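There are 2 protein chains.
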Amino acid sequence: MSNSPISSEQLLQQLNWRYATKKFDATKKIPEETWQTLEDALVLAPSSFGLQPWKFIVVTDPDLRKTLQEHAWGQSQVVDASHLVVFARKLEVGEADVDRYVNYMAEVRNTPVESLEGLSTMIKGFLKSPPYPMDIEAWTARQTYIAVGQFLTSAALLGIDVCPMEGFIPAKVDDTLELTQQGYGSVVLCAAGYRAEDDKYADLKKVRYPKSEMIEHL
Amino acid sequence: MSNSPISSEQLLQQLNWRYATKKFDATKKIPEETWQTLEDALVLAPSSFGLQPWKFIVVTDPDLRKTLQEHAWGQSQVVDASHLVVFARKLEVGEADVDRYVNYMAEVRNTPVESLEGLSTMIKGFLKSPPYPMDIEAWTARQTYIAVGQFLTSAALLGIDVCPMEGFIPAKVDDTLELTQQGYGSVVLCAAGYRAEDDKYADLKKVRYPKSEMIEHL
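Those sequence lines, one after another, are chains A and B. Numbered by our numbering, the letters in the first sequence go through residues 1424 to 1641 in order. Numbered by our numbering, the letters in the second sequence go through residues 1424 to 1641 in order.
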């Protein structure tokens, strides 16, 4: 069993420290090692069956950032933050994706692909006739939000400020980044960096409904 | 600026340590203080506009757990894990929800509700005519997956094992927990506790596509 490297107090302190940063300090850059850790946290994000039906685009090019800002109601975070990640879902997931996944699993785990046939059949069966009405694009979007959650929490733990944004026009962002032709669609933008000293949102009290209302015990 | 209470290595070690636990040690219980921290992490989860369109149901009753197991293809995690959380999305989000939120914000931040009229109008406008095709139930499901992500990452940091599950029949779970009449619908189950010593999945190498394939730099 792993021991926890962090105390309950430290975890909650960081989750309380984070907020949707509205104004970034454009002069402060995330150190390369820390950024690589956040990229690793993205790659390690869990997903249903482990299929990873997503892609993350890290945009550093200033012109591209400016174009994306136009498609995001001019929000300054898009250009001012140290880093910008576009979270994109896969538009389709089919048998070929399952084959690719299972083949890769066989390689990573150094096991014959035949031994994974049961898993392969199970996932393909789920995708072909899901146990409940399921739209693939909605499903891969949900999965991608797990990665958003892991990114936000990891960043908070590392003392990095983030602003997650749904306020943008996905079709325009997809066009700008040529995502559709690659089979992906943008769902969330996350600006990451360091809050500006005068971001007045930093000191506002967090608004969360009482625990007793949000959590039911049965 | 907050300092990070954890190093990059420690964060990645915990994210690598976690896995979708298939077999829990039914004799081990999460200490109350740690569990309260995980509940706090749920309550602190970020959401679009901060609306928190969700509810978390912590099921401890053994009979209820058994019934839920039947609706989840008999997965043993549902009954064996120390705790089980049902993540439920809100089925509808309308003007009344925005009013409730803004009123609560005024209370928490000790500010006149009139000063929040711009925010209120903006959120209502977004919900009434979203800038892109948006189905409310799909949207609240996405939000709820942010909370799933925050929960999974937080648990990993605290050394708690989790198994997130989509393999269940939402309609049956909703019936069992009487969620529909409360205006909610289940989207994910998370079993939490401690891995059994003989869970053979614990030692399998994690399968994640190479960073170079999952992350694009532009």
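We treat Cβ as the ideally placed atom computed from N, Cα and C, and that holds for glycine. Nothing here was measured: the structure is a model prediction, and the numbers come from that model.
Residue i: contacting residues in chain B (beta-carbon distance under 8 Å)
i       : result
E1589/A : S1471
heavy atom of the ligand MN below 7 Å from residue i C-beta
i       : result
S1430/A : In the structure shown, the ligand MN is absent, as is every other ligand, since no ligand is present at all.
6 Å Cβ shell around residue i - same chain, five flanking residues per side excluded
i       : result
K1623/B : none
Y1617/A : D1448, K1451 and D1584
F1472/A : I1546
V1508/B : F1479, V1481 and C1613
K1595/A : H1494
R1512/A : W1477, T1563, A1564, T1567, G1608 and V1610
W1496/A : G1590
Own chain partners of residue i with C-beta closer than 8 Å, once the 5 adjacent residues on each side are dropped
i       : result
L1627/A : Y1442
L1474/A : V1516, D1520, V1521, Y1524, I1546 and Q1566
P1593/A : G1608, S1609 and V1610
A1579/B : Q1437, L1438, W1440, R1441 and V1585
L1581/B : T1457, T1460 and L1461
Q1492/B : Q1498, S1499, V1501 and V1502
Interface partners of residue i on chain B, CB under 9 Å
i       : result
A1464/A : L1434, L1435, L1438 and T1576
Cβ-based neighbour list, residue i, same chain, cut-off 7 Å, excluding 5 preceding and 5 following
i       : result
A1529/A : P1535, V1536 and L1539
P1469/A : I1569
K1489/B : V1502
W1458/A : H1506
S1577/B : L1461 and A1464
A1619/A : K1446, F1447 and D1448
M1424/B : With a pLDDT of only 46 at M1424/B, under the threshold of 50, the placement of this residue in the model should not be trusted; the figure read from the coordinates follows. Nothing meets the Cβ criterion.
S1427/B : none
Interface flag, residue i vs chain B, CB-CB below 8 Å
i       : result
Q1500/A : no
T1490/A : no
V1516/A : no
D1484/A : yes
L1550/A : no
A1519/A : no
L1580/A : yes
L1539/A : no
V1536/A : no
V1596/A : no
Y1568/A : yes
Neighbour flag for residue i against chain A, beta carbons, 8 Å
i       : result
Y1624/B : no
K1634/B : yes
T1450/B : no
V1571/B : yes
S1427/B : yes
V1479/B : The residue asked about is misnamed: residue 1479/B is Phe in this sequence, not Val. Closer than 8 Å: yes.
T1544/B : no
M1424/B : Note that M1424/B scores 46 on pLDDT, short of 50, meaning its location in the model is unreliable and no value can be drawn from it.
A1564/B : yes
A1561/B : yes
Chain-ordered chain A contacts of residue i [CB-CB under 9 Å]
i       : result
Q1475/B : V1630, R1631, Y1632 and M1637
A1443/B : P1469 and G1473
Cross-chain neighbours of residue i in chain A, by beta carbon under 7 Å
i       : result
L1487/B : L1641
P1554/B : I1592
Neighbour list for residue i in chain A, Cβ cutoff strictly below 8 Å
i       : result
E1455/B : Correct list: empty, because the minimum Cβ distance to chain A is about 11 Å.
Where residue i meets chain B, residues with beta-carbon distance less than 7 Å
i       : result
T1460/A : S1431, L1434 and L1435
(message) Three or more C-beta pairs under 8 Å: does that hold for the region 1579-1594 of chain B against the region 1475-1489 of chain A?
(response) The region 1579-1594 of chain B makes no contact with the region 1475-1489 of chain A: fewer than 3 CB pairs, one atom from each, lie closer than 8 Å.
(message) Whether or not the region 1559-1572 of chain B and the region 1433-1449 of chain B are in contact is what I'm after, with contact meaning three or more pairs of Cβ atoms, one per stretch, closer than 8 Å; do they touch?
(response) no
(message) I'd like to know if the region 1444-1455 of chain A and the region 1495-1503 of chain A are in contact, where contact means that at least 3 CB-CB pairs between them fall below 8 Å.
(response) yes
(request) Return the residues of the region 1598-1626 of chain A that lie within a Cβ-Cβ distance of less than 8 Å from chain B, sorted by chain order. (result) L1600, V1610, Y1617 and R1618
(message) Three or more C-beta pairs under 8 Å: does that hold for the region 1596-1608 of chain B against the region 1459-1467 of chain B?
(response) no
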